[in-house]
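Let me begin by presenting the structure, written as structure tokens, before commenting on it.
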Amino acid sequence: MRACHQIERFCCAFTVLFPKLFCNGFYIWAGYTYCWQISLNYIGGFFGFLLCLIGLFLTLGGILSYYRIVSLGAGVAVDYPELRIKYVSDDHEDDLAIGDLNDESLIQFIKSGIINPPPQYYSTHTFTIKSSGIIRYCNKCKVWKPDRCHHCSTCKQCVLKMDHHCPWFATCIGYKNHKFFIQFLTYTTLLSALCGLTSLQILYDFIFKGIYLHYHFSINWIFLFIFGVSFFFAVAMFDGFSIYQIVTNRTTLESYDYTRYRIDLNAAFDSYYQYSNKPNSDQYGNLFSLGTKSENWKAVMGNSWLEWCLPIVNNPTTKDYYFKNGLCYPVNENIYNELVYNARLQLQLATELNNYRMRRMKDSARDPGTRDGV
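Numbered according to the working numbering, the sequence shown terminates at residue 486, and the numbering increases by one at each position without gaps.
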């Protein structure tokens, strides 16, 4: 058993360490081969120096963006104490008196074993909900789940604005590192294209112009061409898809399934919701799309060219604690107003139907003989 446990630990460590060594090793090798062997030693002159600077910029940008992705992480809900849930246990017997038990939301939470309601500001600025009508929460992480937050079965944590889990980084892509993921893909695409085109020209000259008679040929140039072309076609398509997701303000997970929206923002538990025509992103569109591609792009990538091109942390555009930490998100006002309007109509209809039923029950109670039509 001990040997099996050690093998399991080794395999886990290998799956975490290998992609990091491979990606950074490839970048260092490609940068050295392109900048030193090809640009400076083979091409030379001003043009070679210029190509060296471009290659060096892309190489350093890719390595630094990779470091940012891994070091910052995606951001997890459990890091925020106000989102942590307290469950009924022997240690919290006295806590059952917390709050107003006449409140329908709190009663429903206690039935689920939860003794502390979600923070007030969070509950009134959260727009997604469970099918049962309760604000989303995770039993595994024991946290309230903000909008766009999902539980990763690999990381075993609830990730803020989770896009996907990427094995090449051995971590999730989410709120904090999504920008650097886009930059890494773009740096890789551009560097692969640069290496592929330049090495293709060199290989053509060597094969068809006989330059091999005057210059030393390195086997690295062949591998640089092969890897450059391969990585370009593999990464470029994913980069284009990821950029499309950015300008539509949609994560990869959100593109695969619809999102349910709340009806009553004043109730953390909406008992009517499970019987309503549950509004969702398929009906109303993406609530988190800010209206224009430019605004959606800036929401992730920043507001300046410097933030777009360099792997640096964006300057915060708001001082609001929940918004700047990925616990709440701005929404599309048009879709939001339509949701509120339709929700009011549904609630008004439900109230009228309930009042009608109550009147019928009272009438039946006064005259039992008319209940069965007698």
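For glycine and all other residues, C-beta sits at the position ideal for the given N, C-alpha and C.
Beta carbon of residue i nearer than 8 Å to that of residue j
| i | j | result |
| --- | --- | --- |
| Y299 | L170 | yes |
| T363 | K273 | yes |
| Y396 | E445 | no |
| K288 | L184 | yes |
| H290 | D275 | yes |
| F293 | I181 | yes |
| G187 | G438 | yes |
| S354 | L302 | no |
| N228 | K268 | no |
| T145 | L365 | no |
| W280 | I358 | no |
| P258 | T238 | yes |
| C284 | C270 | no |
| Y139 | C440 | no |
| P131 | A282 | yes |
Secondary structure of residue i, DSSP reduced to three states
| i | result |
| --- | --- |
| H237 | coil |
| N392 | strand |
| E199 | Note that residue 199 is Tyr in the sequence shown, not Glu. Three-state result, Y199: strand. |
| C421 | helix |
| W280 | coil |
| C264 | strand |
| R478 | helix |
| V188 | strand |
| C440 | coil |
| Y249 | strand |
| I226 | strand |
| Y178 | helix |
| R372 | strand |
| M470 | helix |
Neighbourhood of residue i by C-beta distance below 7 Å, restricted to the same chain and skipping five residues each side
| i | result |
| --- | --- |
| T266 | H277 |
| G143 | G167, L168 and T171 |
| S304 | G340, F343, F344 and V347 |
| G137 | none |
| A411 | N361 and L402 |
Length of the line joining the Cα atoms of residue i and residue j
| i | j | result |
| --- | --- | --- |
| R260 | I338 | 39 Å |
| V66 | V190 | One cannot answer for residue 66 here, as it falls past the ends of the chain, which runs 113 to 486. |
| T94 | L418 | Coverage of the chain is limited to positions 113 through 486, which leaves residue 94 absent and any answer about it impossible. |
| T429 | E407 | 12 Å |
| I375 | S244 | 12 Å |
| G485 | R471 | Caution is warranted here: a pLDDT of 47 is assigned to G485, below 50, making its placement in the model unreliable, and the coordinate value is therefore given only provisionally. Their Cα atoms are separated by approximately 16 Å. |
| L312 | C421 | 27 Å |
| N454 | L399 | 15 Å |
| G403 | C307 | 38 Å |
| Q149 | L309 | 15 Å |
| Y179 | I247 | 35 Å |
| E194 | Y356 | 34 Å |
| T240 | P391 | 10 Å |
| T360 | Y468 | 44 Å |
| Y192 | W333 | 50 Å |
| N426 | M413 | 7 Å |
| Q458 | S393 | 18 Å |
| Y433 | S367 | 28 Å |
| Q460 | G286 | 39 Å |
| Y316 | C147 | 19 Å |
| L129 | D351 | 24 Å |
| I331 | R121 | 37 Å |
| A462 | F435 | 33 Å |
| L490 | K242 | Since the first residue of the chain shown is 113 and the last is 486, residue 490 is not available in this structure. |
| P230 | T127 | 37 Å |
| R478 | Y373 | 42 Å |
| G156 | W141 | 19 Å |
| K474 | R456 | 27 Å |
Distance cut-off 7 Å: residue i Cβ against heavy atoms of the ligand MG
| i | result |
| --- | --- |
| F435 | Annotation note on the ligand MG: not contained in the displayed structure, which lists no ligands. |
Sequence-distant residues of its chain with Cβ nearer than 6 Å to residue i (five each side left out)
| i | result |
| --- | --- |
| Q295 | S177 and P423 |
| S416 | none |
| L163 | S151 |
| I447 | Y396, G397 and L399 |
Min CB distance residue i to chain C below 8 Å
| i | result |
| --- | --- |
| Q313 | No chain C is part of this structure, which consists of one protein chain only. |
Checklist entry - Mind pulling the alpha helix (DSSP H) runs of 4 or more residues that sit fully within the segment 119-162? => result none
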